[in-house]
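Colleague: If you use UniProt numbering, the sequence shown corresponds to residues 1 to 393, in order. Here a beta-carbon is modelled for each residue, glycine too, at the ideal position from N, C-alpha and C.
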Amino acid sequence: MPAPSTRALCLDYDVSATLPRLGWAALLTPGQNTVRMIAGEDVSRDGNVFWEGLCLSPDDPGATLDHPFPVSTGGMVRADDVAFWTPGHYLDRLFLVKTAAGVVVSNSLPFALRASGETLAADYLHYPWDFGRILQHSQSAPLTRGRVQIITNANLLVSRDGEIKVVPKAAPPEFHDYASYIGQVHAFLDEVAHANQAQLDRPYRYVSSLSSGYDSPAVTVLGRRIGLTDALSIIDSRGGTAGDDSGEPIAAALGLSLKTALRSDYRAAGWDAERLFYVFGLPEDICLYPFRNDLRRSLLFTGILGETQWDRAPHYAGGCWSWIRAARPCRNSGCAPALRNSLSPSTDGSTMPNSSASVSPRSLNLGHWGTATTGPLPADWSKNAACRANASA
Numbered sequence: 001m002p003a004p005s006t007r008a009l010c011l012d013y014d015v016s017a018t019l020p021r022l023g024w025a026a027l028l029t030p031g032q033n034t035v036r037m038i039a040g041e042d043v044s045r046d047g048n049v050f051w052e053g054l055c056l057s058p059d060d061p062g063a064t065l066d067h068p069f070p071v072s073t074g075g076m077v078r079a080d081d082v083a084f085w086t087p088g089h090y091l092d093r094l095f096l097v098k099t100a101a102g103v104v105v106s107n108s109l110p111f112a113l114r115a116s117g118e119t120l121a122a123d124y125l126h127y128p129w130d131f132g133r134i135l136q137h138s139q140s141a142p143l144t145r146g147r148v149q150i151i152t153n154a155n156l157l158v159s160r161d162g163e164i165k166v167v168p169k170a171a172p173p174e175f176h177d178y179a180s181y182i183g184q185v186h187a188f189l190d191e192v193a194h195a196n197q198a199q200l201d202r203p204y205r206y207v208s209s210l211s212s213g214y215d216s217p218a219v220t221v222l223g224r225r226i227g228l229t230d231a232l233s234i235i236d237s238r239g240g241t242a243g244d245d246s247g248e249p250i251a252a253a254l255g256l257s258l259k260t261a262l263r264s265d266y267r268a269a270g271w272d273a274e275r276l277f278y279v280f281g282l283p284e285d286i287c288l289y290p291f292r293n294d295l296r297r298s299l300l301f302t303g304i305l306g307e308t309q310w311d312r313a314p315h316y317a318g319g320c321w322s323w324i325r326a327a328r329p330c331r332n333s334g335c336a337p338a339l340r341n342s343l344s345p346s347t348d349g350s351t352m353p354n355s356s357a358s359v360s361p362r363s364l365n366l367g368h369w370g371t372a373t374t375g376p377l378p379a380d381w382s383k384n385a386a387c388r389a390n391a392s393a
């Protein structure tokens, strides 16, 4: 038999108008030199690097791998592996499915399943638990065949031979007093603002989720530093009554434009809202569905699960269906607020959002709700297409 090729990996990159605009999936076939990728129209690419949302180092996108607080998902094809990154917070994740045909990685659970040809197990009852929690940086859930691996707040390396490694993100700068801490937070926000202004098409709008608590008002005040003027508020607490968690007084004090909804309003949308749960598996997203039009092309500052992020003691923390296991303080904790990329309209005319951003009390992340597939994949998706002339341009 001929010896396997030792040529450097190259990227075969397709853009599909049938996908939500920030969705992407990559296929690595062991022993092959081509990494096959398909992405929505708003996923960006620079040579062998790709990302959705905002890149904090527009002059060197590959440097995102070494950033403690990215605000996007993405990856870089290198000579012998592909290095993927998650955001520097826990509200958006990566999903990996390994099959006999290769390894599929995506920023959307439905897309990872569709691209790999695998399915959820119809008789398995614990998906709400498996998908609605965050366990360290890597966890898994069963499929009809095999398992799906879920990666949170970490980098993911997949070699040309299919070897998988989850590695920590770069450690953030240390701080020893409040002045140095808030200085680092402000510097991070300034970095976000600079990168946002450098967008080639148009910058993201800044939006916050605002309640009567501590975390969301704190990140909203931080967002004001870089021009945030709009806020959204779920006005009832979990199990509470209308108005008991409203951010209206704080919005008025800060001079913000505010839109409100009840925690249960998403139910009127039926399946269009319900399917968002399975994009990331975190149920906080579903309550924001009534604001889907306000979140398009936005960076969302949010305090969701902030009390858990700041807690130093290992414990299970309940919030709706979400549980976070903090076996040790997250090494990325406490340095930056969290941003998340939000949604843009899907191309099939549905109301499914998919292209904006959000901020939690720890880091910034540009998310991508609604990255489930909305149309057919190319017929040759799983084939090893030859590298195109512009694949490494």
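How would you label Met352, buried or exposed, when you count the other beta carbons within 10 angstroms and need 16 or more for buried?
Modeller: Start at 1 with the first residue of the sequence shown, and residue 352 comes out as number 352. Per-residue confidence for Met352 stands at a pLDDT of 28, beneath the threshold of 50, marking its modelled position as unreliable; the derived number appears in the next sentence. Per the 10 Å Cβ criterion, buried.
Colleague: Any idea if His67 is buried or exposed, counting beta-carbon neighbours within 10 angstroms, 16 or more meaning buried?
Modeller: Translated into positions along the sequence shown, residue 67 becomes position 67. Burial call: buried.
Colleague: Mind pulling the alpha helix (DSSP H) runs of 4 or more residues that sit fully within the region 91-127?
Modeller: 109-116
Colleague: DSSP state of Leu11, grouped into three classes?
Modeller: Position 11 of the sequence shown, counted from the start, is the residue given in the question as residue 11. DSSP places Leu11 in strand when its eight states are reduced to three.
Colleague: In three-state terms, what does DSSP make of Asp230?
Modeller: Residue 230 sits at position 230 when you count from the first residue of the sequence shown. Asp230 falls in the strand class under three-state DSSP.
Colleague: Tell me the DSSP secondary structure of Thr351 in three-state form.
Modeller: As a position in the sequence shown, residue 351 is number 351, starting the count at 1. Below a pLDDT of 50, predicted positions are generally treated as unreliable, and Thr351, at 26, falls in that range; no measurement from the model is reported.
Colleague: Could you name the residues that DSSP lists as bridge partners for Glu52?
Modeller: Position 52 of the sequence shown, counted from the start, is the residue given in the question as residue 52. According to DSSP, which records beta bridges pairwise, Glu52 is partnered with Val43.
Colleague: On a CA-only basis, which of Val207, Gly53, Gly247 and Arg224 is nearest Asp213? Give me that one, please.
Modeller: Your numbering for residue 213 matches position 213 in the sequence shown. Per the sequence shown, the amino acid found at residue 213 is Gly instead of Asp. The residue with the shortest Cα to Cα distance from Gly213 is Gly247.
Colleague: Return the residue from the list Ser237, Ala231 and Tyr289 that minimises the CA-CA distance to Phe301.
Modeller: Counting from 1 along the sequence shown, the entry for residue 301 is found at position 301. Of the candidates Ser237, Ala231 and Tyr289, the one whose C-alpha sits nearest the C-alpha of Phe301 is Ala231.
Colleague: If you reduce the DSSP assignment to three classes, tell me which class Asn155 lands in.
Modeller: Counted from its first residue, the sequence shown places residue 155 at position 155. Of the three classes helix, strand and coil, the one that applies to Asn155 here is strand, per DSSP.
Colleague: For residue 418 and Pro173, what's the separation of their Cα atoms in angstroms?
Modeller: The displayed coordinates of the chain run from 1 to 393. Any statement about residue 418 would go beyond what the structure contains.
Colleague: Is the CB-CB distance between Ala187 and Lys169 below 8 Å?
Modeller: On the sequence shown, residue 187 is found 187 positions in, with the first residue counted as 1. On the sequence shown, residue 169 is found 169 positions in, with the first residue counted as 1. Note that the C-beta distance between Ala187 and Lys169 is not below 8 Å.
Colleague: By Cβ distance below 7 Å, which residues in the same chain neighbour Ser159 in space, the five residues on each side in sequence not counted?
Modeller: To locate residue 159, count along the sequence shown from 1; it is residue 159. Taken in chain order, the residues that qualify are Asp80 and Asp81.
Colleague: Which residues bound the beta strand (DSSP E) around Pro142?
Modeller: Position 142 of the sequence shown, counting from 1, holds the residue named residue 142. Segment Ser138 to Pro142, the beta strand (DSSP E) holding Pro142.
Colleague: Apart from the five residues on each side of it in sequence, which residues of its chain come closer than 7 Å, Cβ to Cβ, to Ala195?
Modeller: Counting from 1 along the sequence shown, the entry for residue 195 is found at position 195. Counting only Cβ-Cβ distances below 7 Å, and skipping sequence neighbours, we find Leu54, Cys55, Leu56 and Pro58.
Colleague: Per DSSP, what are the beta-bridge partners of Val35 in this structure?
Modeller: Working through the sequence shown from its first residue, we reach residue 35 at position 35. Answer is Leu11 and Leu28, bridged to Val35.
Colleague: Where does Gly240 fall in DSSP's three states?
Modeller: Position 240 of the sequence shown, counted from the start, is the residue given in the question as residue 240. Three-state DSSP puts Gly240 in coil, outside helix and strand.
Colleague: Would you mind working out which of Leu157, Val71, Phe69 and Tyr13 sits nearest Asp46, comparing C-alpha positions?
Modeller: As a position in the sequence shown, residue 46 is number 46, starting the count at 1. Closest by alpha carbon: Tyr13.
Colleague: Does DSSP classify Leu288 as helix, strand or coil?
Modeller: Looking up residue 288 in the sequence shown gives position 288. Correct three-state label for Leu288: coil.
Colleague: Would you list the one or two residues that DSSP bridges to Lys165?
Modeller: In the sequence shown, counting from the first residue as 1, residue 165 sits at position 165. Partner(s): Leu157.
Colleague: Going straight from the alpha carbon of Ile182 to that of Leu254, what length do you get?
Modeller: Numbered from its first residue, the sequence shown carries residue 182 at position 182. Numbered from its first residue, the sequence shown carries residue 254 at position 254. Whole-angstrom Cα-Cα distance: 20 Å.
Colleague: Please report how far the alpha carbon of Thr86 lies from the alpha carbon of Ser257, in whole angstroms.
Modeller: Locating residue 86 in the sequence shown gives position 86, counting from the first residue. Locating residue 257 in the sequence shown gives position 257, counting from the first residue. Using only the alpha carbons, I get a separation of about 31 Å.
Colleague: Thinking just about the alpha-carbon of each residue, which of Lys259, Ile304, Glu274 and Gly270 is nearest to the one in Asn293?
Modeller: Taking the sequence shown and counting its residues from 1, one reaches residue 293 at position 293. Residue Lys259 is the option with its Cα nearest to Asn293.
Colleague: Beta-carbon within less than 7 Å of Val15's beta-carbon, same chain only, minus the 5 sequence neighbours each way: which residues are those?
Modeller: Sequence index remark: in the sequence shown, residue 15 carries index 15 (1-based). Within the same chain, Val15 has close Cβ partners Ala39 and Glu41.
Colleague: Starting from Gly255 and walking both ways along the beta strand (DSSP E), at which residues does that stretch end?
Modeller: Here residue 255 corresponds to residue number 255 of the sequence shown, with the count starting at 1. Taken as a continuous stretch (DSSP letters only), Gly255 belongs to no beta strand (DSSP E), as it is neither H nor E.
Colleague: Return the first residue and the last residue of the alpha helix (DSSP H) that Ser16 is part of.
Modeller: Looking up residue 16 in the sequence shown gives position 16. Per DSSP, Ser16 belongs to no alpha helix (DSSP H) and is neither H nor E.
Colleague: When the Cα of Arg114 is compared with those of Leu125, Leu27, Cys287 and Gly223, which residue comes out closest?
Modeller: Within the sequence shown, the letter at position 114 stands for residue 114. Distance check between Arg114 and each of Leu125, Leu27, Cys287 and Gly223 places Leu27 closest, using alpha-carbon atoms only.
Colleague: With a threshold of 7 Å on Cβ separation, who are the neighbours of Met61 within its own chain once the five nearest residues in sequence on each side are excluded?
Modeller: Position 61 of the sequence shown, counted from the start, is the residue given in the question as residue 61. One detail in the question is off: residue 61 reads as Pro in this sequence, not Met. Asp46, Val49, Trp51 and Cys55, listed in sequence order.
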